[in-house]
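Notes for the one structure printed next.
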Amino acid sequence: MSVPHLFRCPISLDIFTDPVTLCTGQTYDRQCIERWLADGHRTCPVTMQALGDADTTVLVPNRTLRHLIERWLSAATDHSLPESADDDPSLAALKRCLQSDATSAAAKIGALKKVLALASESDVGRACMLQLGFLCVLLPLVFHAAPTAPAQRHAEAEELALQCALSLMPSNAAAPQLDCLNMLKKEDNLASFVRLLGRGSGRAKAGLCRLLETVATAAATRDLALVVAASPRVWQALLPLLQQHAGPAPDARASEAAVRAIAAVCAAEPARGSAIHHGAVGALFRHLSWWAYGKGGGAVSSALAAVEALAETEAGRRAVARAPGATRILVRHVFMMSSSNDGSEHAAAALLAVCRESRAARSEAVGAGVVTQLLLLLQSQCGARAKAKARALLKLLKSR
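All you need for my numbering is the position in the sequence shown, starting with 1, plus 89.
This is the structure we're talking about:
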């Protein structure tokens, strides 16, 4: 059983939370269509029909659809969990079990396993739990004060709760359910996040980095993203993960997730100063230096995206100039046979930013073979932005 397609927003593909209808007759989730319009679009996303200025302000609540969804969720909830002779099968009972301080550690672990299985196997179950507020119940089980259960049981429950929360995390960055992540604004909760990031298992660390990436991109957590980026303890726990890519598989996954989280954090201009101050530039180049030519895939592309973002600031460019071998590393990644063009684009953009201000960087780049790399990039199927950066850099080097 899956969520009926009419109950999904055409933009986010998630189940509607606040359906509204445009003048074209198409229905969207309110936050999704408001973001679409705020980005300057003046067409209906489905029909591509042009919208006038007056049309963009008229969003009519679709109460009939909302009522149908609520009825469907109510019926689906009654059948989401299999019958059991020992347990109340309802999601409401499962939620009460997780919320109660009287529930034993073993019972909570059992309940979390049910949540994880249901979220993984049933689209309906995931939608029901998200609508019933399970995300706001699960996160406090991950981030909290000193544990009362035995250490082993406590660690197992924390990791299970984290995996459950990630499995329910909405894909839409504008989803209102993401507001519950703001619990990390509290000092004790953020301290718990840092503790897990530093001492948790490789799987837990990867999950926390995915959570951090969500915090950095979600509309509801913009202020929290700045709080996290300003925390020295977060950077002290996060940056060492970049050097674990050569370890066991769970550590390698944590390293890749950390790179993506850093790239997401650095995409916001106000966060870049803190990232530079806490050593992100050097850590990123140490990470990049380990990868053989053309290897690393998305992790390399994300690391280069972060470097490009940081090189847009004066402090970032100075940090790149100080990082050992940084120019040669960027040159090496200007043209990568085995990778996407995104990495090449970020490398060329970062080099352009650094070389504009440093004659020494220009000379080092030429000595490292950047001209050949740029010509290969221009002959490839790279995008227009990458080619524009490559041409601008060639012109700059020609006049050095």
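Heads up, the beta-carbon is just placed ideally off N, CA and C, and yes, glycines get one too. Note that the structure is a prediction, hence the values are computed from the model and not measured.
Range covered by the alpha helix (DSSP H) that runs through residue i
i: PRO359; result: 358-366
i: GLY129; result: Looking at the DSSP string, GLY129 is not in any alpha helix (DSSP H), and its letter there is neither H nor E.
i: GLY141; result: Segment: none, GLY141 is in no alpha helix (DSSP H) and carries neither H nor E.
i: THR192; result: THR192 -> no alpha helix (DSSP H), and no H or E assigned at all.
i: ARG288; result: 276-288
i: ARG407; result: 403-411
i: HIS376; result: 369-379
i: ARG448; result: 448-456
i: CYS269; result: CYS269 -> no alpha helix (DSSP H), and no H or E assigned at all.
i: SER344; result: 338-355
i: GLN462; result: 459-468
i: GLN188; result: 180-188
i: THR416; result: 415-421
i: VAL316; result: 311-318
i: ALA305; result: 291-306
i: CYS225; result: 223-231
i: ARG474; result: 473-487
i: ALA326; result: 321-327
Anticipated Cβ contact below 8 Å, residue i with residue j, distance rounded
i: GLU302; j: ALA353; result: 4 Å
i: GLY199; j: LEU255; result: The Cβ separation is near 19 Å, so there is no contact.
i: LEU463; j: ALA479; result: 5 Å
i: CYS186; j: ALA195; result: With a Cβ gap of about 11 Å, CYS186 and ALA195 do not count as contacting.
i: VAL423; j: LEU466; result: 6 Å
i: THR406; j: GLU446; result: This sequence places Arg at residue 406; Thr is not what is there. That pair is a contact at about 6 Å.
i: MET272; j: LEU300; result: In fact, because the Cβ distance is near 12 Å, the residues do not count as touching under 8 Å.
Opposing strand residues paired with residue i [DSSP bridges]
i: PRO108; result: ASP118
i: ARG97; result: ILE104
i: VAL149; result: THR110
C-beta contact flag for residue i and residue j at 8 Å
i: ALA400; j: PHE374; result: no
i: ILE104; j: ALA208; result: no
i: ALA244; j: LEU201; result: no
i: ALA439; j: LEU482; result: no
i: ALA437; j: ALA475; result: yes
i: ASP360; j: ALA309; result: Correcting the residue identity first, residue 360 is Ala in this sequence and not Asp. For ALA360 and ALA309, no; Cβs fall outside 8 Å.
i: VAL455; j: LEU485; result: no
i: ALA347; j: CYS269; result: no
i: ALA247; j: VAL231; result: It should be pointed out that residue 247 corresponds to Glu in this sequence rather than to Ala. Taking 8 Å as the Cβ cut-off, GLU247 and VAL231 qualify as a contacting pair.
i: LEU224; j: LEU257; result: yes
i: HIS233; j: SER290; result: no
i: ALA493; j: THR416; result: In the structure displayed, the chain extends from 90 to 489; residue 493 sits before or after that span and is not available.
i: LEU328; j: SER344; result: no
i: ALA100; j: PRO150; result: For clarity, residue 100 is Ile in the given sequence; the question names Ala instead. It is not a contact, given that the beta carbons lie outside the stated cut-off.
i: GLY458; j: VAL420; result: yes
i: GLN220; j: LEU162; result: yes
i: ALA398; j: CYS355; result: yes
i: VAL460; j: ALA410; result: no
i: ILE122; j: LEU154; result: no
i: ILE351; j: LEU377; result: no
i: ALA341; j: GLN333; result: yes
i: ILE365; j: ALA404; result: yes
i: CYS253; j: VAL317; result: no
i: ARG292; j: PRO321; result: no
i: TRP380; j: VAL370; result: no
i: ALA206; j: LEU267; result: no
i: VAL92; j: VAL213; result: yes
Closer than 8 Å to chain C by CB, residue i
i: LEU207; result: In the structure shown, chain C cannot be found, because there is only a single protein chain.
**Message:** I'd like to know if the stretch 108-126 and the stretch 275-294 are in contact, where contact means that at least 3 CB-CB pairs between them fall below 8 Å.
**Reply:** no
**Item:** Segment contact, 8 Å Cβ cut-off, at least three pairs: the stretch 259-267 with the stretch 279-296
**Value:** no
**Prompt:** Are the stretch 464-480 and the stretch 429-438 touching by the rule of at least three beta carbon pairs closer than 8 Å?
**Reply:** yes
**Prompt:** Between the stretch 134-144 and the stretch 105-113, do at least 3 Cβ pairs fall closer than 8 Å?
**Reply:** yes
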